[in-house]
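K.L.:
The structure's right below; bear with me while I get my questions together.
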Amino acid sequence: MTRYYVFLKVVETGSFTRAAQELDYTQSAVSQMIQTLEEELCATLFHRSKSGITLTPDGQEYLPFIRAVCNACDELRRKRREMEGLEGSVIRIGTFTSVSRNWLPLLIKQFKELYPSVQFELLQGEYTNISQWIKEGSVDFGFVNPTAVSGLKTIPLYQDEMLAVLCPGHPLAVQKRLTLRSLAAEPFILLDEGEHSVVLDAFASEGLTPNLQYKVYDDYSIVSMVEQGLGVSVLYRPVLQNIAQNLVTLPLDSPVTRTVAVACRDSRALSGASRTFLHFIEKHFGAR
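UniProt numbering applies: residue 1 is where the sequence shown begins, and numbers increase by one.
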């Protein structure tokens, strides 16, 4: 296991020297462990050159498996601690902006009132990488759009509606409702949701292709860009609540929604702390 952890640290730091410093090993010890691992796997894992190190194709193939083994080992250690109670347990969650900004902090606060020693690690992403984190064990569970993931157990929680977002001086801002056709002709700022885009699917269902000018991962960067008149966008209602920016938000003539669900590999295999918090979330939303 030590060799596997050293391999991941070298990948993370991009350097045998930095990996050795962070793990408190000598550089020669790190090099020896990587060499032993390469002999064990019958593969060269790194290209070594004066400019640095990079993963070989074999190294890239082995990386997700070694990461999964290390994550499984970490889960086993957490499980051992958990068998003694929730004391010091860590709950790792993959999440996206509207969840982590609006209601997740309140639920974490309420849960910690019951279990004050439980710790949380939140990884911010979009559906595609959250799904991957769950599958490889980097997080215990995560929030996703269930239509955008596969191979996971999903529990629907609620639906989000999307609203058109424009700057106040925009000609369309005087309308009461907007059609996707009217938005398709405008410079469009797309929220990057990974491999599956709810709004692009909505445009496509009407035979439309938006005038895509920007693709942005962060909702609040899009808000600022719209405020500066760089384009129009469509964002989820919870993101737009209590935003101080000078914006106009309008409903769409044909509502565009997504389902927000919590996803995991197998709830029975979750740690006691994660399983307890998952049930806490389900109870809050009355999920089935």
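All residues carry an ideal CB built from backbone N, CA and C; glycine is no exception.
Which class does glutamate 121 belong to by DSSP, given the choice of helix, strand or coil?
P.N.:
Along the sequence shown, read from residue 1 onward, the residue named residue 121 stands at position 121. In this structure, glutamate 121 counts as strand in the three-state DSSP scheme.
K.L.:
Can you tell me where the alpha helix (DSSP H) holding arginine 181 begins and where it ends?
P.N.:
In the sequence shown, the residue the question calls residue 181 occupies position 181. Looking at the DSSP string, the run of the alpha helix (DSSP H) that includes arginine 181 is 180 to 184.
K.L.:
Measuring straight from C-alpha to C-alpha, what distance separates cysteine 42 and arginine 101?
P.N.:
Numbered from 1 along the sequence shown, position 42 holds the residue referred to as residue 42. Numbered from 1 along the sequence shown, position 101 holds the residue referred to as residue 101. Between cysteine 42 and arginine 101, the C-alpha separation is close to 47 Å.
K.L.:
Within 10 angstroms of the Cβ of leucine 114, are there 16 or more other Cβ atoms? Answer buried if so, exposed if not.
P.N.:
As a working mapping, residue 114 is identified with position 114 in the sequence shown. Classification of leucine 114: exposed, given that the 10 Å Cβ count is below 16.
K.L.:
At which residue ranges does the region 233 to 280 contain complete alpha helix (DSSP H) runs of 4 or more residues, listed in the order of the chain?
P.N.:
Whole alpha helix (DSSP H) segments, 4+ residues: 237 to 240.
K.L.:
On the DSSP letters alone, give me the boundaries of the beta strand (DSSP E) that asparagine 211 sits inside.
P.N.:
For the purposes of this step, residue 211 is identified with residue 211 of the sequence shown, where counting begins at 1. Its beta strand (DSSP E) spans residues 211 to 216.
K.L.:
How big is the Cα-Cα spacing for arginine 288 and leucine 278?
P.N.:
Position 288 of the sequence shown holds residue 288. Position 278 of the sequence shown holds residue 278. Confidence at arginine 288 is low in this model, with a pLDDT of 45, below 50, so the placement of that residue should be treated as unreliable; the coordinate-derived value is given next. Using only the alpha carbons, I get a separation of about 12 Å.
K.L.:
Counting beta carbon pairs with one atom in the region 258 to 275 and one in the region 153 to 167, are three or more of them shorter than 8 Å?
P.N.:
Judged by Cβ distances under 8 Å, the region 153 to 167 makes contact with the region 258 to 275, as three or more pairs qualify.
K.L.:
Nearest to glutamine 175 by CA position, among Ile34, Arg78, Cys70, Val248, is which residue?
P.N.:
As a position in the sequence shown, residue 175 is number 175, starting the count at 1. Per the Cα distances, Val248.
K.L.:
With glutamate 126 and aspartate 192 assumed to form a contact (beta carbons below 8 Å), what rounded beta-carbon distance in angstroms separates them?
P.N.:
The sequence position of residue 126 within the sequence shown is 126, counting from 1. The sequence position of residue 192 within the sequence shown is 192, counting from 1. Rounded, the Cβ-Cβ distance is 6 Å, consistent with contact.
K.L.:
To the nearest angstrom, report how far apart histidine 196 and leucine 235 are at their CA atoms.
P.N.:
Residue 196 sits at position 196 when you count from the first residue of the sequence shown. Residue 235 sits at position 235 when you count from the first residue of the sequence shown. Straight-line Cα distance between these residues: approximately 15 Å.
K.L.:
Tell me the rounded alpha-carbon separation between serine 233 and leucine 45.
P.N.:
Against the sequence shown, residue 233 aligns to sequence position 233. Against the sequence shown, residue 45 aligns to sequence position 45. Rounded to whole angstroms, serine 233 to leucine 45 spans 44 Å at the Cα level.
K.L.:
Mind checking who leucine 190 pairs with in its DSSP beta bridge?
P.N.:
Taking the first residue of the sequence shown as position 1, residue 190 is located at position 190. Note: leucine 190 sits in a beta bridge opposite Lys215.
K.L.:
DSSP beta-bridge partners for serine 49?
P.N.:
In the sequence shown, the residue the question calls residue 49 occupies position 49. Paired residue(s): Gly52.
K.L.:
Is leucine 163 closer than 9 Å to proline 251 when the C-beta atoms are compared?
P.N.:
Against the sequence shown, residue 251 aligns to sequence position 251. Against the sequence shown, residue 163 aligns to sequence position 163. Yes, the Cβ-Cβ distance between proline 251 and leucine 163 is below 9 Å.
K.L.:
Can you give the Cα-Cα distance for alanine 263 and glutamine 241, rounded to whole angstroms?
P.N.:
Stepping through the sequence shown from its first residue, residue 263 is reached at position 263. Stepping through the sequence shown from its first residue, residue 241 is reached at position 241. Whole-angstrom Cα-Cα distance: 25 Å.
K.L.:
Does DSSP put proline 156 in a helix, a strand or coil?
P.N.:
Locating residue 156 in the sequence shown gives position 156, counting from the first residue. Proline 156: strand per DSSP, three-state reduction.
K.L.:
Does the beta-carbon of aspartate 140 have 16 or more other beta-carbons within 10 angstroms, so that it is buried, or is it exposed?
P.N.:
Against the sequence shown, residue 140 aligns to sequence position 140. Counting Cβ neighbours within 10 Å, aspartate 140 comes out buried, since at least 16 surround it.
K.L.:
Let's test the definition: count the other Cβ atoms within 10 Å of the Cβ of asparagine 211 and tell me whether it reaches 16, buried, or not, exposed.
P.N.:
The residue you call residue 211 lines up with position 211 of the sequence shown. So asparagine 211 ends up on the exposed side.
K.L.:
Alanine 185: buried (16+ other C-beta within 10 angstroms of its C-beta) or exposed?
P.N.:
Numbered from its first residue, the sequence shown carries residue 185 at position 185. Label assigned to alanine 185: exposed.
K.L.:
Mind checking proline 146: buried by the 16 CB within 10 Å criterion, or exposed?
P.N.:
Mapped onto the sequence shown, residue 146 falls at position 146. Flag for proline 146 reads buried.
K.L.:
If you check the beta carbons only, do threonine 179 and phenylalanine 143 fall under 9 Å apart?
P.N.:
Numbered from its first residue, the sequence shown carries residue 179 at position 179. Numbered from its first residue, the sequence shown carries residue 143 at position 143. No, Cβ-Cβ distance for threonine 179 and phenylalanine 143 is not below 9 Å.
K.L.:
Excluding the 5 residues preceding and the 5 following alanine 19 in the sequence, name in chain order all residues of the same chain whose CB lies nearer than 7 Å to its CB.
P.N.:
Taking the first residue of the sequence shown as 1, we reach residue 19 at position 19. Excluding residues within five positions, the ones whose Cβ falls inside 7 Å are Val6, Lys9, Val10, Thr13, Val30.
K.L.:
For leucine 37, tell me which candidate among Ile66, Ala148, Leu190 has the shortest Cα-Cα distance.
P.N.:
Locating residue 37 in the sequence shown gives position 37, where the first residue counts as 1. The option with the nearest alpha carbon to leucine 37 is Ile66.
K.L.:
Determine the DSSP secondary structure at glycine 286, reduced to helix, strand or coil.
P.N.:
If you number the sequence shown from 1, residue 286 lands on position 286. DSSP places glycine 286 in coil when its eight states are reduced to three.
K.L.:
Given this structure, state the Cα-to-Cα distance separating proline 105 from arginine 80, to the nearest angstrom.
P.N.:
Within the sequence shown, residue 105 is the residue found at index 105, counting from 1. Within the sequence shown, residue 80 is the residue found at index 80, counting from 1. Cα-Cα distance, rounded: 27 Å.
K.L.:
State the beta-bridge partners of alanine 164 as determined by DSSP.
P.N.:
Locating residue 164 in the sequence shown gives position 164, counting from the first residue. Answer is Val234, Leu250.
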